[in-house]
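*Asks:* Quick note, the sequence shown lines up with residues -1 to 215 if you use my numbering. Virtual Cβ for every residue (Gly too), placed ideally from N, Cα, C. I am attaching a structure below and will ask some questions about it afterwards.
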Amino acid sequence: MGWSSRLLSANVFLALWLSTVNSAERLCDHPKISHGILYDEEEYKAFSPVISGKVFYYSCEYNFVSPSNSIWTRITCTDAGWSPTPKCLRLCFFPFVENGNSISSGQTHLQGDIVQVVCNPGYSLQNNQNTIECTEEGWSIPPKCVSTDNSCVDPPLVKNATIVTRPMDKYPPNAKVRYECNKSFELFGEVEVMCQNGVWTEPPKCKGRPSYFPMFI
């Protein structure tokens, strides 16, 4: 047999082998569904990998749903993989917004939905955004309209202490107020409070010094 005949035979064998491989049953990996469970999963585990045409059913955890919104969703192993793609999507309830409004108030949204919020003048969503997204972990930012005025008023009163900083009607962000304890009292904590995002930091405490009595022998 000549070299050309051997090459022809090899090509024919390769073509036959490829046709056999292509006609073989396709396999799917055992489905792993985040926030989902397979129906009778222990029995399904025996089918791994899964042959084409095999049908499984899955359900989603509380606060998650399948794209079909069915209690049990059917998936089939195909040549292209699982169909439809098994997944569980987060449900996000949108509350009524204090100091603002949204047409989505009182509604439930699906993972991937984006909701627009209109805050009252002087208020904004976190980071001055006007939309929030339903994500796998819940809302991307809290659905709350917070004051954009970061100044503070009325520094906290500390018992047995006096404020020694000049008083103001309104304190700008990062302003500090200093305390001094009354006579016979000792200061515990920071001697100053700071205005941060419209809120004062933790104030100090003034506690009475222990009394010492001389001992007579």
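Hey, how far is the Cα of N195 from the Cα of N125?
*Replies:* 12 Å
*Asks:* Residues in the same chain with beta-carbon distance under 8 Å from V197, minus the five sequence neighbours each way, listed in chain order, please.
*Replies:* C150
*Asks:* Tell me the rounded alpha-carbon separation between P170 and F92.
*Replies:* 33 Å
*Asks:* Return helix, strand or coil for N20, following the three-state DSSP convention.
*Replies:* Low confidence applies here, because N20 scores a pLDDT of 43, under 50, leaving its location unreliable and the question unanswered by this model.
*Asks:* Look up E135 in the DSSP assignment and say whether it is helix, strand or coil.
*Replies:* coil
*Asks:* What residue does the beta strand (DSSP E) around T160 start on, and which one ends it?
*Replies:* A159 to I161
*Asks:* Classify L155 as buried or exposed, calling it buried when 16 or more other Cβ atoms lie within 10 Å of its own Cβ.
*Replies:* exposed
*Asks:* Determine the direct distance from the alpha carbon of R164 to that of V189, and round the result to whole angstroms.
*Replies:* 15 Å
*Asks:* Measuring only the C-alpha atoms, how far is F62 from V162?
*Replies:* 56 Å
*Asks:* Rounding to the nearest angstrom, what Cα-Cα distance links N20 and S50 in this structure?
*Replies:* Reliability of the predicted coordinates at N20 is poor, the pLDDT of 43 falling under 50, and no value is obtained from them.
*Asks:* Between D147 and the rest of its own chain, which residues show a CB-CB distance below 8 Å, the 5 nearest in sequence each way excluded?
*Replies:* G120 and G196
*Asks:* DSSP on E200, reduced to helix/strand/coil?
*Replies:* coil
*Asks:* Kindly examine the ligand ADP and report whether one of its heavy atoms sits closer than 7 Å to the Cβ of Y60.
*Replies:* Because no ligand of any kind appears in the structure shown, any question about the ligand ADP cannot be addressed here.
*Asks:* Using DSSP's beta-bridge definition, name the partner residues of Y55.
*Replies:* R72
*Asks:* Classify W70 as buried or exposed, calling it buried when 16 or more other Cβ atoms lie within 10 Å of its own Cβ.
*Replies:* So W70 ends up on the exposed side.
*Asks:* Report the CB separation of C132 from G110 in whole angstroms; it is logged as a contact under 8 Å.
*Replies:* 7 Å
*Asks:* Could you pull the DSSP bridge partners for L25 from this structure?
*Replies:* The partner list for L25 (beta bridge, DSSP) reads I49.
*Asks:* Quick one: what's R88 bridged to in DSSP?
*Replies:* F62
*Asks:* Using C-beta distances below 8 Å, list every residue in its chain close to V144, excluding the 5 sequence neighbours before and after it, in chain order.
*Replies:* N97, Y121, S122, L123 and Q124
*Asks:* Taking Cβ to Cβ, would you say G34 is nearer than 8 Å to S57?
*Replies:* yes
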